[in-house]
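*Asks:* Supplied in C-alpha cells, the structure appears directly below.
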Amino acid sequence: MPSLEATYAGLKLKSPVVVASSGASEKVEQIKLAEAAGAGAIVMKSLFEKEVCRIAPTPRFAILRHNMKQHQTFTLYSYEQASVWGPERYAQEVERARREIGIPVIPSINCFSDAGWAGYSKMMEQAGAPAIELNISCPHGSITFSGGQVVDNLLHAVDAVRSAVKVPLVVKLSPQLTTPMQVVKEIEKRQISGVVVFNRLTGLDIDIEAERPIMHGAYAGHGGPWAISYPLRWISEMSPQTSLEISASGGVASADDVVKYLLAGATSVQVCTAIYLCGYNVIGTLNTGLSQWMAAKGYERLADFRGKVSGTSILNADQVNRKHHQVASVDEASCSGCGTCAAVCIHFAAEMHNKKARITTHCDGCGLCVHLCPKQAIAMVDM
Ligand SMILES: Cc1cc2nc3c(=O)[nH]c(=O)nc-3n(C[C@H](O)[C@H](O)[C@H](O)COP(=O)(O)O)c2cc1C
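Quick note: to get my numbering, add 434 to the position in the sequence shown (first position is 1).
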C-alpha cells in the first residue's frame, strides 16, 4: 500500500485530502464523520468578525445547470457565509475538536479590522488550534473587493495575525487576484506556512422573469467541477517557485482530480462541493482512488510524483509543436448520418454524402468534430 502521508501547515497528515472550510465542517459532530471517512485534516467553517454574516438566509443553495446540447456542467451556487457562532463559542468548538478529534482541525477566520485579526487569532491559539487558516478571500465580500490597495490590505491583515500569534498560518487566496504569483512571493517573506489556492469566485445569476439576482438579490459564491483548471494552472506555475506549502482548492470531483493537483505540485488537496453533493464518504473514495493510481504507477509516496507537471515541464508558446500532422477521418460504419460534424465545421471540411459524413481536404486538423460526434465515428489520423 502506498503511503498517502502529506503535510498542511507543517503538520503531518495521513492523507493529502483535507476538508475545506464550509458549513460541512462547523461542528465536531460533522468533523467526526469526515475523520471516519479518512480526511487528513479539517478546516473549520470561517468565523467572521462581521456579525451580520453569522445569520444565513434561506434558502442558500441553487444548482445552476449550464447545458449546450449534450454538453453539461453545473455550478453549486451558494449564499453561505460565516459560522453561526461568535468568537467565544467558536473557540469552545476548537477546544472540543482538540480533545475529541485525532487529526488536525484548523479554525478559519475572516476579519475586517486589525483588532479583529489579532484578537480572533489569539483566541484560536489559546483554544489549542494547531494552525489557523486566514480567509482573506471570501467570495461574499473580502479584502479582494475593497478597491485599489487589494494586495497591501491583504498583506496588512497577514502581518496583523503574524505578529499576534505563533501558530502556523495558512493564507487562503482569492482566484480574483490579478497577480497571484506576486502575492505568494510577498506572503513567503512573512513566516507563513502555506497558501490555499483558491477560494471560490463571486458570481451573479439572474431570474429573467423577476429581473433580479436569484440569491436574495445579491452576488453569491460559485464553483463546481469546471473550476479545477484555474487553480491547477496557477499551482503548476507557483509550486517550483515557492517554498510555501500549497493546499489546492477548487473543483475536486474524483480521485483523478486529487492526482492532478498533486502532479501540479500541491502538498494537500481540499474538498468541499463534493462533500455537499455526495456526502462525507466521498473522502474515502478519493483516498482509495489515489492509492490505486499510485500503486498502478509504482509510486510509494506522494514525493515520488508531486510537482511532475509544473514549471518547465509545461511548454511555452515557442516550444509547442505546431506542425499540422493529423486530420479527422470518419468511420463510415459507425456514422449515423446525423450531420452534426457538417453543421459545426467552421472550416467547411465535413460534408454529408449519401447520408454519411465525409471529411474533405479542407480539414485543418483542429479535432473538435472528434469530440462532438455523438457516435464517436470520427478519429484523428496521421496525414
Ligand atoms: C457552501 C460553501 C461554504 C463555504 N464556506 C467557506 C468558508 O466559510 N470559508 C472559506 O474559506 N471557504 C468557504 N468555502 C469555500 C470552500 O472552502 C472551497 O475553497 C471552495 O468551495 C472550492 O472547493 P470545492 O470546489 O471543492 O467546493 C465555502 C464553499 C461552499 C460551497
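Here a beta-carbon is modelled for each residue, glycine too, at the ideal position from N, C-alpha and C.
Cβ of Ala454 within 6 Å of any heavy atom in ligand 1?
*Replies:* Because some heavy atom of ligand 1 lies under 6 Å away, the Cβ of Ala454 counts as near it: yes.
*Asks:* Taking the DSSP output, what are the residues bridged to Met502?
*Replies:* Met502 pairs with His505.
*Asks:* On a Cα-Cα basis, can you pick out the residue from Asn788, Glu514, Ile497 that is closest to Gln506?
*Replies:* When each option's Cα is compared against that of Gln506, the closest is Ile497.
*Asks:* Let's test the definition: count the other Cβ atoms within 10 Å of the Cβ of Cys807 and tell me whether it reaches 16, buried, or not, exposed.
*Replies:* Answer is buried; the Cβ neighbour count reaches 16.
*Asks:* Where does Arg596 land, buried or exposed, given buried means 16+ other C-beta within 10 angstroms?
*Replies:* With 16 or more Cβ atoms within 10 Å of its Cβ, Arg596 is classed as buried.
*Asks:* What separation, rounded to the nearest whole angstrom, lies between the Cα atoms of Ser555 and Val693?
*Replies:* Between Ser555 and Val693, the C-alpha separation is close to 33 Å.
*Asks:* If you compare alpha carbons, which of Val630, Ser677, Ile642, Ser688 is closest to Thr658?
*Replies:* Per the sequence shown, residue 658 should be read as Gly rather than Thr. Taking only the C-alpha atoms, the option nearest Gly658 is Ser688.
*Asks:* Work out the CA separation of Asn569 and Trp551 for me, nearest whole Å.
*Replies:* Cα-Cα distance, rounded: 10 Å.
*Asks:* Please list, in chain order, all residues of the same chain as His759 whose beta carbon is under 7 Å from its beta carbon, the five residues on each side excluded.
*Replies:* Counting only Cβ-Cβ distances below 7 Å, and skipping sequence neighbours, we find Asp816, Met817.
*Asks:* What would DSSP say about Val686, mapped onto helix, strand or coil?
*Replies:* Correct three-state label for Val686: coil.
*Asks:* Suppose only complete runs of 3+ residues qualify. What are the beta strand (DSSP E) ranges in the segment 571-655, listed by chain order?
*Replies:* The segment 571-655 contains these whole beta strand (DSSP E) runs: 603-607, 628-631, 635-637.
*Asks:* Would you say Cys775 touches ligand 1, meaning its beta carbon is less than 6 Å from a heavy atom?
*Replies:* The answer is no for Cys775.
*Asks:* When every heavy atom of ligand 1 is checked, does at least one fall within less than 6 Å of the C-beta of Asn721?
*Replies:* Every heavy atom of ligand 1 is 6 Å or more from the Cβ of Asn721, so no.
*Asks:* Counting only beta-carbon separations shorter than 7 Å, does Leu638 have a partner in chain B?
*Replies:* Given the protein chain composition of this structure (a single chain), no chain B is represented.
*Asks:* Which whole-angstrom value describes the C-beta separation of Leu481 and Pro541, a residue pair presumed to lie in contact below a C-beta threshold of 8 Å?
*Replies:* That belief holds up - the Cβ atoms of Leu481 and Pro541 are roughly 7 Å apart, short of 8 Å.
*Asks:* Pair every Cβ in the segment 648-663 with every Cβ in the segment 518-529, then say whether three or more of these pairs are closer than 8 Å.
*Replies:* Touching, no, given that fewer than three Cβ pairs across the two stretches are closer than 8 Å.
*Asks:* Using a threshold of 7 Å, state whether the C-beta atoms of Glu514 and Arg488 are closer than that.
*Replies:* No, Cβ-Cβ distance for Glu514 and Arg488 is not below 7 Å.
*Asks:* Please name the residue or residues paired with Ser512 in a DSSP beta bridge.
*Replies:* The partner list for Ser512 (beta bridge, DSSP) reads Phe495, Gly655.
*Asks:* Just confirm the distance between the C-beta atoms of Ser683 and Val630, as a whole number of angstroms; I'd bet it's less than 8 Å.
*Replies:* Confirmed, about 5 Å.
*Asks:* Considering only the alpha carbon of each residue, which of Ala490, Thr636, Ala762, Gly771 lies closest to Ala813?
*Replies:* The candidate whose alpha carbon is nearest that of Ala813 is Ala762.
*Asks:* Could you tell me the boundaries of the beta strand (DSSP E) in which Ala440 lies?
*Replies:* Counting along the chain, the beta strand (DSSP E) containing Ala440 begins and ends at 440-442.
*Asks:* Cβ atoms of Gly474 and Ala443: under 7 Å apart, would you say?
*Replies:* Against a cut-off of 7 Å, the Cβ pair of Gly474 and Ala443 comes out as no contact.
*Asks:* Can you tell which of Cys572, Gly732, Val539 has its C-alpha closest to the C-alpha of Cys545?
*Replies:* Cα-wise, what sits closest to Cys545 is Cys572.
*Asks:* Between which two residues does the beta strand (DSSP E) carrying Ile489 extend?
*Replies:* No beta strand (DSSP E) holds Ile489; DSSP gives it neither H nor E.
*Asks:* Here's the rule I'm using: 16 or more other beta-carbon atoms within 10 Å means buried, otherwise exposed. How should Ala751 be labelled?
*Replies:* It counts as exposed.
*Asks:* Quick one: measure Cβ to Cβ for Ala791 and Ala784, integer angstroms, because I've assumed they're closer than 8 Å.
*Replies:* Yes, they are in contact, since the Cβ atoms of Ala791 and Ala784 sit about 6 Å apart, within 8 Å.
*Asks:* In terms of alpha-carbon separation, which member of Thr636, Ala458, Ile709 lies closest to Ala652?
*Replies:* Among Thr636, Ala458, Ile709, the Cα nearest to that of Ala652 is on Thr636.
*Asks:* Evaluate Ile543 with the Cβ neighbour count: other Cβ atoms within 10 Å of its Cβ, from every protein chain shown; 16 or more gives buried, anything less gives exposed.
*Replies:* Looking at its Cβ environment, which holds 16 or more other Cβ atoms inside 10 Å, Ile543 is buried.
*Asks:* So which of Ala561, Thr701, Asp639 has the shortest CA-CA distance to Ser857?
*Replies:* This structure leaves residue 857 out entirely; the chain is present only between 435 and 817.
*Asks:* Flag Asn587 as yes when its Cβ comes closer than 6 Å to any non-hydrogen atom of ligand 1, and as no otherwise.
*Replies:* Outside the cutoff, so no.
*Asks:* Taking the continuous alpha helix (DSSP H) assigned at Ala549, which residues delimit it?
*Replies:* Start and end: 548-560.
*Asks:* Closer than 8 Å by C-beta to Thr613: which residues in its own chain qualify, once you throw out the five before and the five after it? Chain order, please.
*Replies:* Only Val585 meet the Cβ criterion.
*Asks:* In three-state DSSP terms, what is Met786?
*Replies:* Reduced to three states, the DSSP call for Met786 is strand.
*Asks:* Would you list, in sequence order, the uninterrupted beta strand (DSSP E) runs of no fewer than 3 residues that lie entirely inside the segment 755-800?
*Replies:* Runs of the beta strand (DSSP E) inside the segment 755-800: 760-764, 784-787, 790-793.
*Asks:* According to DSSP, is Pro450 part of a helix, a strand, or is it coil?
*Replies:* Looking at Pro450 - three-state DSSP - the assignment turns out to be coil, as it is neither helix nor strand.
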